[in-house]
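Quick note: the sequence shown uses the numbering used here, first residue 176, plus one each step.
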Amino acid sequence: MTRSADTTGEAVPALRREPESEPAYRWTGEFADPVLEDNYIRASWTEIRSRLGAVLIAVYVFVSWLAFDFVALGFSWPFIVLTLGRFAALGAILLALKIFREPEDRRPFMVCAVLTQLLVALIAPLSLMLSQVDFAAALLSIVVVLFAFYNGVPTRLTTNLLLSSALCIGFIAVTPSLADVSLITLLEICLLFGVVNAIGVEMVRATNRLRRNGFATLMRQQELYEELKREVGVRQEAEQAVRATEESFQSIFYAAPLPISLVDPATFHVMQANMAALKLFGIEEDDVAGLDVRCLFEEEDLSGRLDRLILTGRAGSPFELSMKRMDGTIIHVLVSAATLHFQGRRAMLIGIQDVTARRKEAEALRDARDQATAASRSKSEFLANMSHELRTPLNAIIGFSEALERELFGPVGNPRYREYAEDIHNSGVHLLSLINDILDLSKIEAGHFKLHEDETELDHVVEAATRIVRHRAQQASIEIECRMPEPPIVVVVDERALKQILINLVSNAVKFSPDGSAISISGQITAGHLRISVTDRGSGIAEDDIPRALTPFTQLDGSLSRQHEGTGLGLPLAKHLTELHDGALSIESELGKGTTVHVDLPLSRVVNRGAPKEMAVF
Numbered sequence: 176m177t178r179s180a181d182t183t184g185e186a187v188p189a190l191r192r193e194p195e196s197e198p199a200y201r202w203t204g205e206f207a208d209p210v211l212e213d214n215y216i217r218a219s220w221t222e223i224r225s226r227l228g229a230v231l232i233a234v235y236v237f238v239s240w241l242a243f244d245f246v247a248l249g250f251s252w253p254f255i256v257l258t259l260g261r262f263a264a265l266g267a268i269l270l271a272l273k274i275f276r277e278p279e280d281r282r283p284f285m286v287c288a289v290l291t292q293l294l295v296a297l298i299a300p301l302s303l304m305l306s307q308v309d310f311a312a313a314l315l316s317i318v319v320v321l322f323a324f325y326n327g328v329p330t331r332l333t334t335n336l337l338l339s340s341a342l343c344i345g346f347i348a349v350t351p352s353l354a355d356v357s358l359i360t361l362l363e364i365c366l367l368f369g370v371v372n373a374i375g376v377e378m379v380r381a382t383n384r385l386r387r388n389g390f391a392t393l394m395r396q397q398e399l400y401e402e403l404k405r406e407v408g409v410r411q412e413a414e415q416a417v418r419a420t421e422e423s424f425q426s427i428f429y430a431a432p433l434p435i436s437l438v439d440p441a442t443f444h445v446m447q448a449n450m451a452a453l454k455l456f457g458i459e460e461d462d463v464a465g466l467d468v469r470c471l472f473e474e475e476d477l478s479g480r481l482d483r484l485i486l487t488g489r490a491g492s493p494f495e496l497s498m499k500r501m502d503g504t505i506i507h508v509l510v511s512a513a514t515l516h517f518q519g520r521r522a523m524l525i526g527i528q529d530v531t532a533r534r535k536e537a538e539a540l541r542d543a544r545d546q547a548t549a550a551s552r553s554k555s556e557f558l559a560n561m562s563h564e565l566r567t568p569l570n571a572i573i574g575f576s577e578a579l580e581r582e583l584f585g586p587v588g589n590p591r592y593r594e595y596a597e598d599i600h601n602s603g604v605h606l607l608s609l610i611n612d613i614l615d616l617s618k619i620e621a622g623h624f625k626l627h628e629d630e631t632e633l634d635h636v637v638e639a640a641t642r643i644v645r646h647r648a649q650q651a652s653i654e655i656e657c658r659m660p661e662p663p664i665v666v667v668v669d670e671r672a673l674k675q676i677l678i679n680l681v682s683n684a685v686k687f688s689p690d691g692s693a694i695s696i697s698g699q700i701t702a703g704h705l706r707i708s709v710t711d712r713g714s715g716i717a718e719d720d721i722p723r724a725l726t727p728f729t730q731l732d733g734s735l736s737r738q739h740e741g742t743g744l745g746l747p748l749a750k751h752l753t754e755l756h757d758g759a760l761s762i763e764s765e766l767g768k769g770t771t772v773h774v775d776l777p778l779s780r781v782v783n784r785g786a787p788k789e790m791a792v793f
């Protein structure tokens, strides 16, 4: 089936069919397809019954012939047999016509019709022989019966031919009893019966073929009619859908909250614009017809962009442009467009989103970001410079207080002065440590911190870090246990930075662990990284507070009466130093149960990547 395009632009099936092949037939003129033959019989059932009904008249005549049998035979046994046969034939045809009326009963209907033919084929020659009917009249009656068989009885041609042949053979068999005929005459009679049967067969074949051809033609016409109904229905539905779509489009178009307009791509004149577009540009509804949309754009290459859009035939990516209202005010908009068919013409649907406020906000945010970046850079530079300036006098304070504490140039006299000197020394060392942390963090934030990488054993770095904090741990009776892989792992790192990471983590663990507890430091190589973990059994950190703990200058206990000293730089500095090594620092903690901090370094920093055979404890 071909397709044609209607005025709505939709393709609908055209009402033309390719010529179909003729159905296959049997030699009898019937359909070779049993399903098609069954449909034909159902469709022509009334005609089949009418044909058999016409034969009923002949059967009545056949039954009334018993009067001639009575004249010739009297009330005898042959007469009784012939009479019973005649009434049996009548009963069979009446049973077919009165009882088996529906197409579903066609099998018993045909059986009754065949039984009628069979009784006529047996009774007729026997009656002619016993009644000694004139030979010419008997021959004529047989020929009439043959034509009645072929024309009236709606049985299959094969059955008709068999019964007609049986009738002919029966008549030839009784011919010597009817008249004294020569062999030549008998052959002529046989030839006559052959011609009659041949004519009957060809006539039935032609009739069957003609009737079934008409049925096939009718079926094709019915299919075409149904197809026509479907096509008309589809077309009507398509037209209704188009009308509904146009109505919906119009209602949605005018009610849309965003400015949209339909533009003729050939002239760039506005075909329609919704109220939002008119309001945005300050255009009166009466002035919109014929307005050239290009006069509203500041873009010089607008025509080229729209032309490229039309050539592609599909919606392009939205692009930001500058436009001007009718009063000359410049606005910034986000324009998107798509080509479509509207009222039989090609049109371009242009959507406009006013982003002037958003652009101003973005510019303000960009300025604020630049200012914040500059302020952060100034802060970092100030802290770095300030920390450098503070370290010089602190070094003198620490050195002189240490000389007083050790009485390097003689006794100081009063022991209290030595205690004061020791306090000054400890405070100076603590203050220098804080200043170093601030200086390192400032360098990292300013991007000035440089790693000095070299190969070193992980055990050596861990031992050096624990040695620094072990004295403070012993004061609180806290045991530090190190479980490192054996053989020792060699890594490529900045040894001072990695030591600083471990010092900060272990110092925190000691600070927040209860007296008499234990701290564990372990290292292991996993499938994706080298993991160094520091575990304590302290107070722990709430899950929501972990991000705050990694923020510089943040104390989770922010009250003036907090129990632990510090500036909140330990974990943030450790995190930044870890990230400088292309690693990641993560915290696992639960309130009341302790904290584990993981430092994951990439395997590319491990020199000997073989899996360790055992864990060494020191």
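Cβ coordinates follow ideal geometry from the N, Cα and C atoms, glycine included.
- Contact between MET659 and ASP634 holds: CB atoms are separated by about 5 Å, below the 8 Å threshold.
- The segment 316-336 makes contact with the segment 271-290, as at least three CB pairs between them are under 8 Å.
- The C-beta distance from ILE435 to PHE428 rounds to 7 Å, short enough to meet the 8 Å contact threshold.
- As DSSP reads the structure, VAL407 sits in no beta bridge.
- When secondary structure is reduced to three states using DSSP, SER695 falls in the strand class.
- When C-beta atoms of the segment 706-717 are compared with those of the segment 754-767, three or more pairs fall below 8 Å, so the two segments count as touching.
- Residue state for GLN518 is assigned as coil, using DSSP reduced to three classes.
- Nearest C-alpha to THR641 among SER697, ASP690, HIS627 and VAL665: SER697.
- Taking a C-beta distance under 9 Å as the contact criterion, PHE324 and LEU338 qualify as a contact pair.
- Taking C-beta atoms under 8 Å as the contact rule, SER652 and ASP690 qualify, at a distance of about 5 Å.
- If you keep only unbroken alpha helix (DSSP H) runs of at least 4 residues inside the segment 436-471, you get 450-456.
- Within the DSSP bridge table, the entry for THR631 names VAL666 as partners.
- The Cβ atoms of ILE707 and HIS773 sit closer than 9 Å to each other.
- Annotated as distal: LEU746 and LEU755, with beta-carbon spacing of 9 Å or more.
- Look at the beta carbons and you see the segment 359-367 not touching the segment 377-393: under three pairs across the two are nearer than 8 Å.
- At the C-beta level, LEU353 and LEU303 come within 9 Å of one another.
- Residue range 704-711 is occupied by the beta strand (DSSP E) that includes ASP711.
- The shortest C-alpha to C-alpha distance from GLU670 to any of ALA648, LEU342, ASP775 and ALA639 is the one to ALA639.
- Inter-segment contact for the segment 248-258 and the segment 271-281 is absent: fewer than three beta-carbon pairs are separated by less than 8 Å.
- With respect to the 9 Å criterion, GLY769 and HIS704 are not classified as neighbours on the basis of their beta carbons.
- As DSSP reads the structure, ILE527 sits in a beta bridge with VAL510.
- Scanning PRO300, VAL445, ALA441 and ASN449 for the CA closest to the CA of ALA431 turns up ASN449.
- The beta-carbon distance between GLN307 and ALA247, rounded to whole angstroms, is 6 Å. This is short enough to meet the 8 Å contact definition.
- According to DSSP, ILE655 shares a beta bridge with ILE694.
- By the neighbour-count criterion, in which 16 or more other beta carbons inside 10 Å mark a residue as buried, GLY457 falls on the exposed side.
- In this structure ALA512 touches MET523 by the C-beta definition: roughly 6 Å separates them, less than 8 Å.
- Closest in alpha carbon position to ARG647, among ALA419, LEU403, ASP529 and ASN683, is ASN683.
- Take the alpha-carbon of MET501 and the one of GLN415: they are about 40 Å apart.
- Beta-carbon to beta-carbon, ALA313 and LEU294 are separated by about 18 Å, too far to satisfy the 8 Å threshold.
- With respect to the C-alpha of LYS625, the residue from GLU205, PRO283, THR753 and SER779 having the closest C-alpha is THR753.
- Fully enclosed alpha helix (DSSP H) runs of no fewer than 4 residues are not present anywhere in the segment 333-361.
- Across the structure, SER340 and LEU265 are spaced so that their CA atoms are roughly 22 Å apart.
- Linking ALA539 to SER426 through their CA atoms gives a straight-line distance of about 39 Å.
- ALA693 and CYS657 have their alpha carbons spaced roughly 11 Å apart.
- Your pair VAL709 and LEU680 checks out as a contact, with CB atoms roughly 4 Å apart and the cut at 8 Å.
- Take ILE506, set aside five residues on each side of it, and the residues of its chain with a beta-carbon closer than 8 Å to its own are LEU455, SER497, MET498, LYS499, ARG500, ASP529 and THR531, in chain order.
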